[in-house]
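*Asks:* Before I ask anything, let me first share the structure, which is written out below as structure tokens.
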Amino acid sequence: MHERFSDVWICKDFGRATTGADPAELGRAVLAAYLAGRSTRGETFRVVVRADDGSQSVITPGQLPAPGWKADPAVCQVLPAYLRNALA
């Protein structure tokens, strides 16, 4: 997907991870990391986490934790390095 305001291409599917972490917590960590230090300029972002059992969680920026929140270290371990670094 092309992000026209920053003129970069981003992947619509960040991949798969195996973890026992809560899917909603994983989604919050991914979205918080992706949006860290970015201006969304009116764009709408969301993360969809699909679990092996068929359930899914949709996380929007309005559902992100308050400032000062720290992602669970177990969740951070399954994130790609660039997202993990954004949460550091």
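Numbering-wise (this note's numbering), the sequence shown opens with residue 844 and increments by one. Glycine included, each C-beta is placed from N, C-alpha and C at the ideal position.
Hey, how far is the Cα of Ile-932 from the Cα of Arg-884?
*Replies:* Only positions 844 to 931 of the chain appear in this structure, which leaves residue 932 out of reach.
*Asks:* Look up Arg-893 in the DSSP assignment and say whether it is helix, strand or coil.
*Replies:* Three-state DSSP puts Arg-893 in a strand.
*Asks:* Is it true that the CB of Arg-889 sits closer than 9 Å to the CB of Pro-866?
*Replies:* Result no, Cβ atoms of Pro-866 and Arg-889 do not sit closer than 9 Å.
*Asks:* Would you call the CB atoms of Ala-876 and Ala-909 closer than 9 Å?
*Replies:* No, they are not a contact pair.
*Asks:* For Thr-862 and Leu-907, what's the separation of their Cα atoms in angstroms?
*Replies:* Looking at the two C-alpha atoms, the distance is approximately 20 Å.
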